[in-house]
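Novice: Input: one structure, supplied below.
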Amino acid sequence: FNLADNKILADGAEVLSQALQRSEVAVHVDISSNNIKPEGMKCLETAITESNHLKDTLQCLCVSRNAIKEAGAKLVVNVVQKCTNLTELYVAYNEIGVGGAESLW
12 FNLADNKILA
22 DGAEVLSQAL
32 QRSEVAVHVD
42 ISSNNIKPEG
52 MKCLETAITE
62 SNHLKDTLQC
72 LCVSRNAIKE
82 AGAKLVVNVV
92 QKCTNLTELY
102 VAYNEIGVGG
112 AESLW
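The sequence shown runs contiguously to residue 116 in the working numbering.
The structure is reproduced here in structure tokens:
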């Protein structure tokens, strides 16, 4: 799924999360540049970590340029821990601060 730069925002991320939970083909999810903020990242994190299929098949997650901040970075860590085949992760330009960076390492 490439939904980069579509002004999805947090509400749209919630709708997208519902669609992702039903998907059996999501391997690459690019939601970069959508200003989903921590609230939207929470929706994505829940969808991904509660879906047995996504946990096993997701290989690439792009959430750059979404203002997810430190709270969102901590949610990304949950995704990384649960997704067994995740090999690419993009989180640039998210204002994650020192705390968010530390949680990713």
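Glycine included, each C-beta is placed from N, C-alpha and C at the ideal position.
1. Spatial neighbours of residue 25 within its chain, please: CB distance less than 6 Å, with the 5 preceding and 5 following residues excluded, ordered by chain position.
2. Classify residue 18: buried if its beta carbon has 16 or more other beta carbons within 10 angstroms, exposed otherwise.
3. Just curious, the alpha helix (DSSP H) that residue 67 is in, first and last residue?
4. If we ignore side chains and look at the alpha-carbon of each, how far apart do residue 114 and residue 38 end up?
5. Can you tell me whether residue 16 is helix, strand or coil according to DSSP?
6. Entirely within the region 31-87 and at least 3 residues each: give me those beta strand (DSSP E) ranges in chain order.
Specialist: Judging by the given coordinates:
1. Here residue 25 is taken as the residue at index 14 of the sequence shown, counted from 1. Contacts found: 54.
2. Translated into positions along the sequence shown, residue 18 becomes position 7. The residue in question, residue 18, is exposed, as its Cβ has fewer than 16 Cβ neighbours within 10 Å.
3. Locating residue 67 in the sequence shown gives position 56, where the first residue counts as 1. Where residue 67 is concerned, the enclosing alpha helix (DSSP H) stretches over 63-68.
4. Residue mapping note: residue 114 aligns to position 103 of the sequence shown, counting from 1. Residue mapping note: residue 38 aligns to position 27 of the sequence shown, counting from 1. Their backbone Cα atoms lie some 24 Å apart in a straight line.
5. Position 5 of the sequence shown, counted from the start, is the residue given in the question as residue 16. Three-state result, residue 16: coil.
6. Entirely contained in the region 31-87, the beta strand (DSSP E) runs reaching 3 residues are, in chain order, 39-41 and 71-73.
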